[in-house]
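Participant: The sequence shown begins at 0 in numbering that gives the first Met the number 0 and counts up one residue at a time. Pasting in a structure now, in structure tokens, and then I'll have a few things to ask.
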Amino acid sequence: MASRGGYRPEGSDGSDHWHRESIAWQYKISSINKGRLRLALFFHLLLGLFMFFRLLPGITGALGFAVISLRRLDLPHPRPWEYAWLVSLVAAVIGWRSTPQNNIFLLKQFMLGLVVFGLSPVFFGLFDLKRDIMLYLQERKYTYEMFGFPAVLLWTAFMLIALQLHSFSLYFSYVLLGSWKPRVLEKLKAR
0 MASRGGYRPE
10 GSDGSDHWHR
20 ESIAWQYKIS
30 SINKGRLRLA
40 LFFHLLLGLF
50 MFFRLLPGIT
60 GALGFAVISL
70 RRLDLPHPRP
80 WEYAWLVSLV
90 AAVIGWRSTP
100 QNNIFLLKQF
110 MLGLVVFGLS
120 PVFFGLFDLK
130 RDIMLYLQER
140 KYTYEMFGFP
150 AVLLWTAFML
160 IALQLHSFSL
170 YFSYVLLGSW
180 KPRVLEKLKA
190 R
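Following this line, the structure appears as structure tokens:
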């Protein structure tokens, strides 16, 4: 490698760089979108941690434990879609595990789990809270309160954030599938 003022091969002025090797497009795209997917999954897990603490009084009550400090929070009863959404954390862990070795099978399982346990409960929750959302928007009335705020606002904010995270995760996963497939096709052709 020549320095600025050092030796340069005869007949080369440095403008012939276009023919040199470069990183293939699928590796660039894979690297970028792996980072993006991991960031989205990190926020998914963080959101799941908040949901777990929100559901903790209901979970301990269902298991037969009476934790006085949790009952003092006076949270509304958990809704079924919240429990279903909590299962999407398993899909997030599967998605995280798919990235180190470009595991297409695990990535597809993540995408399926995210649609079934991530997006479906969010859409069901929006449908379930539709009447409460409309009542709050029109008359500023609400039935439950959490941490000094109307519960319907917190649920709606949670669902909008989750919907956005899941949409981004699915998009990044779809792009990763496209960038990982050429490598699989090359392996199959080599056999």
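The beta carbon of each residue, even a glycine, is placed where N, CA and C say it ideally should be.
Would you kindly work out how many angstroms separate the C-alpha atoms of M50 and Q163, rounded to a whole number?
Facilitator: In a straight line, the C-alpha of M50 is about 16 Å away from that of Q163.
Participant: Please determine if the segment 109-123 and the segment 81-92 are in contact, where contact requires at least 3 C-beta pairs separated by less than 8 Å.
Facilitator: Counting Cβ pairs under 8 Å, three or more are found: they touch.
Participant: Mind the definition here: the segment 130-137 touches the segment 52-68 only if three or more C-beta pairs lie below 8 Å; say whether that holds.
Facilitator: Verdict: no, contact absent.
Participant: Is it right to say V121 is buried, meaning 16 or more other beta carbons lie within 10 angstroms of its own, or is it exposed?
Facilitator: Classification for V121: buried.
Participant: Checking the sheet assignment: what are the DSSP bridge partners for F221?
Facilitator: What the structure shows of the chain is the stretch from 0 to 190, and residue 221 is not part of that stretch, so it cannot be assessed.
Participant: Straight-line CA distance for A1 to S166?
Facilitator: In this prediction, A1 scores a pLDDT of 49, lower than 50, which makes its location untrustworthy; the coordinate-derived value is nonetheless stated afterwards. Cα-Cα distance, rounded: 48 Å.
Participant: For L85 and L169, which I take to be in contact (beta-carbon distance under 8 Å), what is that distance rounded to the nearest angstrom?
Facilitator: About 19 Å; that fails the 8 Å criterion.
Participant: What is the C-beta distance between T98 and R35, in whole angstroms, given that I count them as a contact (C-beta under 8 Å)?
Facilitator: Actually they do not touch by this definition, with Cβ atoms about 11 Å apart.
Participant: Excluding sequence positions up to five away, which residues of its chain have a Cβ less than 7 Å from the Cβ of L44?
Facilitator: If we look at L44 and ignore the five residues flanking it on each side, its Cβ neighbours are L88, A91.
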